[in-house]
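K.L.:
In the working numbering, the protein residues as written are 23 to 226.
Let me give you the structure first, and then I'll get to my questions.
Next comes the structure, spelled out in structure tokens:
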């Protein structure tokens, strides 16, 4: 009589090799991601090959400049010339000479734009200035002296309305000094891709 298998033994049919139980090898992650992205980005009717090339070109472009190879100059905000006041981010203010100085409000204040400092008063560590409208003596207001340093609110001197509204570019001599950081171009080569417009490969 042939001996039957014990309880701890598996049938011969169930003992399949490990290699047969494994599925097919997984596709490379980058290739799968690129193919799925190309399929999602492809418009209706566009061949998959053209969509894949377009996606690869977008992935290869420099993220810092968007593939343009250049960035707007930060020193002149892309204008190519400096604002009134040059490279100064804030209006220069000398309290010893502020009496009688002229200032222009960037937005209408008490209905006027041009003011003159007619008095000053010190309260503790703060200095306040009395501004009087140039065309109406009764239009006066007290401001903290430090508020005049804000170039977004005030400008030294009396500016014409065209320059206040940003139209001074069309007026001869109103541009100011040429920006030396970008040689007046308003842009500089992208530092991330050295102006190539394509992502740089870094080998570690």
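A virtual CB, placed ideally from N, CA and C, is assigned to each residue, including glycine.
The alpha helix (DSSP H) with residue 184 in it runs from where to where?
P.N.:
From DSSP, the alpha helix (DSSP H) with residue 184 extends over 183 to 186.
K.L.:
Beta-carbon within less than 7 Å of residue 179's beta-carbon, same chain only, minus the 5 sequence neighbours each way: which residues are those?
P.N.:
So the qualifying residues of the chain are 124 and 126.
K.L.:
For the pair the stretch 87 to 97 and the stretch 135 to 150, tell me if three or more CB-CB distances fall below 8 Å.
P.N.:
Contact between the stretch 87 to 97 and the stretch 135 to 150 is absent, because fewer than three Cβ pairs lie under 8 Å.
K.L.:
Where do the N-terminal and C-terminal ends of the beta strand (DSSP E) with residue 207 fall, by residue?
P.N.:
Here residue 207 belongs to no beta strand (DSSP E), and DSSP marks it neither H nor E.
K.L.:
With C-beta atoms as the reference, is residue 153 less than 9 Å away from residue 140?
P.N.:
Yes; because the gap between Cβ atoms is below 9 Å, this pair is in contact.
K.L.:
Measuring only the C-alpha atoms, how far is residue 129 from residue 186?
P.N.:
About 9 Å.
K.L.:
Tell me where the beta strand (DSSP E) around residue 129 begins and ends.
P.N.:
Looking at the DSSP string, the run of the beta strand (DSSP E) that includes residue 129 is 124 to 131.
K.L.:
Going along the chain, which residues of its own chain have a beta-carbon closer than 7 Å to the beta-carbon of residue 117, five neighbours each way excluded?
P.N.:
Hits under 7 Å: 149 and 167.
K.L.:
Using DSSP bridges, identify the partner residues of residue 134.
P.N.:
The partner list for residue 134 (beta bridge, DSSP) reads 131.
K.L.:
DSSP three-state call for residue 115: helix, strand or coil?
P.N.:
If DSSP states are grouped into helix, strand and coil, residue 115 belongs with coil.
K.L.:
What is the rounded straight-line gap between the Cα of residue 88 and the Cα of residue 96?
P.N.:
Going from the Cα of residue 88 to the Cα of residue 96 covers about 17 Å.
K.L.:
Looking only at its chain, what residues have a beta carbon closer than 6 Å to the beta carbon of residue 163, apart from the 5 residues adjacent to it on each side?
P.N.:
The residues are 153.
K.L.:
Given a cut-off of 9 Å on the beta-carbon distance, is the pair residue 101 and residue 219 in contact?
P.N.:
Not a contact, by the Cβ cut-off of 9 Å.
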